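In what follows, a structure is listed as structure tokens, so that the remarks can point back to it.
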Amino acid sequence: MATAIFFHAHPDDEAIATSGTMMLAARAGHRVVLVTATDGALGDANPGTVPDGSTLAEVRAEELLRAAEVMGIDRVEMLGYGDSGMIGEPSNDHPDCFWQAPVEDAARRLAEILVDENASVLTIYDDHGNYGHPDHIQVHRVGVRAAEIAGTKAVFEATMNRDHLRALADDASLSEIDAGEGADDVESRRAEIRETDMGTPAASITHAIDVMSVIDRKRRTLAEHRSQIDETSFFMALPPEAFSAAFGTEWFIERGAPTAGPPYSTDLFASLEKQ
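Residue numbering for the sequence shown follows the working numbering, beginning at 1 and increasing consecutively.
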């Protein structure tokens, strides 16, 4: 058995991108550790989710722990950096935000956890953070350097399959969420998906993890992040078939892998046997 550390930018990112893989790893007997870089304090809180006297950062930390309980993982750590906000916002310049953190300093903090856990596997994000969020890009930079410092060999970039996303734009199973929207709005949204540059082309991906056996728990994990994801959100409004089509597979790029593209590998731990 091995230890895998999943490094994410904000509370709730883990639920969207890698929660299924984390649950499958835990089920297989591996030790699973979740590390988030920031407090998520600049997220838009859903009404009524931040009690008087509390901060959004405190609420999101509690939500993260509840989500971890649903996933059945072993350890949760937060590096404590400030949320940088979306790209181009003034918050990107705040000296305490993750985007402004020296990569070497942040990497050494993460490397301490990697060494402490004797981690064999680290997951980060692809080099543009899936969709260009500053904190996601910084997770990539910091994670790559931390793995070098700690000597962690198996590093995987969590990503989205860009070609799969584009195909979903015309998937009939998504029609239920279009109900009540004007035809122009529906087509505009679908056109945006067809033209997306989020994620990575299918030919550059190395691993596809089928998480359908834990898809209901993945949805429950998302629901624990109530301040960000309520029942009216895109994620929770999807009918089961559409949710499974969109989130039933989690995608990764193994750094240094000699080949990419289908047929994809289906186990993040398989490469450890070759090291």
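Idealized CB from N, CA, C, for every residue including glycine. On a predicted model such as this, the values are computed, not experimentally measured, just so you know.
Per-residue burial, residue 280 [other beta carbons within 10 Å of its own, 16 or more giving buried]: What the structure shows of the chain is the stretch from 1 to 275, and residue 280 is not part of that stretch, so it cannot be assessed.
Length of the line joining the Cα atoms of residue 12 and residue 222: Translated into the one-based positions of the sequence shown, residue 12 becomes position 12. Translated into the one-based positions of the sequence shown, residue 222 becomes position 222. In a straight line, the C-alpha of residue 12 is about 7 Å away from that of residue 222.
Helix, strand or coil at residue 265 according to DSSP, with G and I counted as helix: Within the sequence shown, residue 265 is the residue found at index 265, counting from 1. Note: residue 265 maps to strand in three-state DSSP.
Residue 154 beta carbon less than 8 Å from that of residue 120: Position 120 of the sequence shown, counted from the start, is the residue given in the question as residue 120. Position 154 of the sequence shown, counted from the start, is the residue given in the question as residue 154. Yes, the pair counts as a contact, with Cβ atoms nearer than the cut-off.
Residue environment, residue 134, which counts as buried when at least 16 other CB atoms sit within 10 Å: Residue mapping note: residue 134 aligns to position 134 of the sequence shown, counting from 1. It is buried - the Cβ of residue 134 has at least 16 other Cβ atoms within 10 Å.
Exposed unless 16 or more other CB atoms sit within 10 angstroms - verdict on residue 176: If you number the sequence shown from 1, residue 176 lands on position 176. Residue placement at residue 176 is flagged as unreliable, the pLDDT there being 46, under the threshold of 50; the coordinate-derived value follows with that caveat. It is exposed - the Cβ of residue 176 has fewer than 16 other Cβ atoms within 10 Å.
Limits of the unbroken beta strand (DSSP E) element including residue 18: On the sequence shown, position 18 is the one that residue 18 refers to. Here residue 18 belongs to no beta strand (DSSP E), and DSSP marks it neither H nor E.
Run of the beta strand (DSSP E) containing residue 78, from where it starts to where it stops: Reading the sequence shown from its first residue, position 78 is the one you call residue 78. Segment 75 to 81, the beta strand (DSSP E) holding residue 78.
Best match in 92, 207, 229, 96 for proximity to residue 284 [C-alpha to C-alpha]: Coverage of the chain is limited to positions 1 through 275, which leaves residue 284 absent and any answer about it impossible.
Segments of 3+ residues assigned as beta strand (DSSP E) that fall wholly inside the stretch 10 to 71: 31 to 38
Boundaries of the beta strand (DSSP E) in which residue 210 is found, first to last residue: For this step, residue 210 is matched to residue 210 along the sequence shown. 207 to 210 is the span of the beta strand (DSSP E), which, as asked, contains residue 210.
Three CB pairs or more closer than 8 Å across the stretch 46 to 56 and the stretch 249 to 264: no
Rounded distance between the beta-carbons of residue 157 and residue 197, thought under 8 Å: Start at 1 with the first residue of the sequence shown, and residue 197 comes out as number 197. Start at 1 with the first residue of the sequence shown, and residue 157 comes out as number 157. Actually they do not touch by this definition, with Cβ atoms about 16 Å apart.
CA nearest to the CA of residue 139, picked from 78, 61, 151, 91: Within the sequence shown, the letter at position 139 stands for residue 139. Among 78, 61, 151, 91, the Cα nearest to that of residue 139 belongs to 78.
Buried/exposed call for residue 93, threshold 16 Cβ in 10 Å: To locate residue 93, count along the sequence shown from 1; it is residue 93. Classification of residue 93: exposed, given that the 10 Å Cβ count is below 16.
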